[in-house]
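Trainee: A single structure is presented below for examination.
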Amino acid sequence: ITDKPIENNSDDKLKMSRYGTVLSNFIKHSDTPLTVGLQGEWGTGKTSMLYMLLEHFKRENVATSWVNTWEYSMFRNPSETTPAILKGMLTNLKLSCENEGRWTIEEKSKDSVKKVFKFLGNVANQVISNQTGVDINSAVSNEAAVIEQAEIAEIKKEIEVIISKLIDDTSNPYRKVVFLVDDLDRIPPEQAVEVLESLKNLFDVPNCVFVLAIDYDVVVKGLESKFGKKTEENEREFRSFFDKIIQVPFSMPTGTYD
């Protein structure tokens with residue numbers, strides 16, 4: 325038995341595709357922004373479920389972006405991982421739409437894309453804060469040795485501009501953008517928490533849904549530097565953080581696998 329996910333619903337031998345159908349329909353009709361967390365230990369089928377969802381969305385008016393966080397963390401310093409993942413999300417959204425012949429907003433949002441990518445590239449040179457996700461007071465310009473003020477709120481607005489122009493453009497059928505974020509439980513727990521906080525700070529915009537493959541226990545480990553070891557007394561703090569980031573926790577239905 326190899327540790328390899330299925331990539332098509334037709335390969336489903338465990339009869340889990342019925343859950344993928346229901347979950348994809350829920351995501352399609354849900355309000356936004358929304359974050360869904362696929363919870364389960366390694367080997368319980370989280371990546372297979374993401375592929376099932378992707379197959380459904382490809383048939384619908386949904387733009388998708390798949391990011392494997394583990395690949396972005398390899399050969400990078402911890403401070404570079406989070407901005408690399410965030411940049412990858414937008415890059416892969418563009419590539420996915422281009423592959424479908426539906427990236428129709430290049431001229432309309434060129435300045436916004438350039439500004440966001442420049443910001444995320446500069447963030448890699450800054451401190452990634454465990455307290456706030458991305459702790460940016462300034463960013464170093466690559467073109468000149470000057471310090472620029474780069475407010476997170478401004479960049480978040482630019483991301484919202486990119487997404488809204490994609491959705492509002494009548495040249496494509498997209499009505500929602502879904503980011504599929506895999507392997508968060510394969511990167512160091514503290515980095516996984518940083519990614520979650522950064523998503524909340526930067527990408528929590530209308531028309532966006534995030535499906536994150538991450539187990540609650542990984543979040544707990546990543547938060548221990550903030551709250552200490554989890555106990556009955558502080559468990560509420562761990563759960564409150566998780567609930568703040570993830571609105572819909574979806575436990576992998578291993579008990580009903582065939």
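For the sequence shown, the positions run 325 to 582 when my numbering is used.
Ideal Cβ placement from N, Cα and C applies to all residues, glycine included.
All values reported here derive from a predicted model rather than from experimental measurement.
1. Can you tell which of I409, S348, K550, M398 has its C-alpha closest to the C-alpha of R383?
2. Are the segment 404-413 and the segment 357-371 touching by the rule of at least three beta carbon pairs closer than 8 Å?
3. What does DSSP give as the partner residue(s) for T555 in the beta ladder?
4. Within the segment 362-392, note down every full beta strand (DSSP E) run reaching 3 residues or more, in order along the chain.
5. Does the distance from the CB of T359 to the CB of I570 come in under 8 Å?
6. DSSP on K328, reduced to helix/strand/coil?
7. Applying the criterion that 16 or more other CB atoms from any shown protein chain within 10 Å of the CB defines a buried residue, is T393 buried or exposed?
8. Roughly how far, in whole angstroms, is the beta-carbon of K524 from the beta-carbon of T356, given that I think they are within contact range, below 8 Å?
9. Three or more C-beta pairs closer than 8 Å, one from the segment 544-552 and one from the segment 506-519: is that the case here?
10. Classify S575 as helix, strand or coil using the three-state DSSP reduction.
11. What is the DSSP secondary structure of F443, reduced to helix, strand or coil?
12. Out of S522, P530, I511, point me to the one whose CA is closest to I476's CA.
13. Between the segment 501-515 and the segment 538-547, do at least 3 Cβ pairs fall closer than 8 Å?
14. To which residues of the same chain is Y498 closer than 8 Å at the C-beta, ignoring the five residues directly before and after it?
15. Please name the residue, chosen from M373, P329, G364, that lies closest to V346 on a Cα-to-Cα basis.
16. Alpha carbon to alpha carbon, what distance is there between A408 and G546?
17. For T580, which residues in the same chain have their Cβ closer than 7 Å to its Cβ, ignoring the five residues on either side in sequence?
18. In the DSSP assignment, find the beta strand (DSSP E) that holds F350 and state where it starts and stops.
19. Quick check on DSSP: helix, strand or coil for I569?
Mentor: Working from what's here:
1. Checking every option, the nearest Cα to that of R383 belongs to S348.
2. Contact fails: fewer than three Cβ-Cβ distances are below 8 Å.
3. In the DSSP assignment, no residue is bridged to T555.
4. Taking only runs of at least 3 residues, the beta strand (DSSP E) segments lying wholly in the segment 362-392 are 386-392.
5. It is a contact, given that the beta carbons lie within the stated cut-off.
6. Under the three-state reduction of DSSP, K328 is assigned to coil, being neither helix nor strand.
7. The residue in question, T393, is buried, as its Cβ has 16 or more Cβ neighbours within 10 Å.
8. Between K524 and T356 a beta carbon distance of about 14 Å is seen, past the 8 Å cut, so the two are scored as non-contacting.
9. In short, these stretches touch, since the Cβ pair count reaches three.
10. Three-state DSSP puts S575 in a strand.
11. If DSSP states are grouped into helix, strand and coil, F443 belongs with the helices.
12. Comparing Cα positions, the closest option is S522.
13. Because the criterion of three Cβ pairs below 8 Å is met, the segment 501-515 and the segment 538-547 touch.
14. Here the set comprises N385, V386, A387, C421, R426, L490, I491.
15. Here the closest residue by C-alpha is M373.
16. Whole-angstrom Cα-Cα distance: 19 Å.
17. Answer for T580: no residue qualifies.
18. From DSSP, F350 is part of no beta strand (DSSP E) but of the alpha helix (DSSP H) over 341-353.
19. Three-state DSSP puts I569 in a helix.
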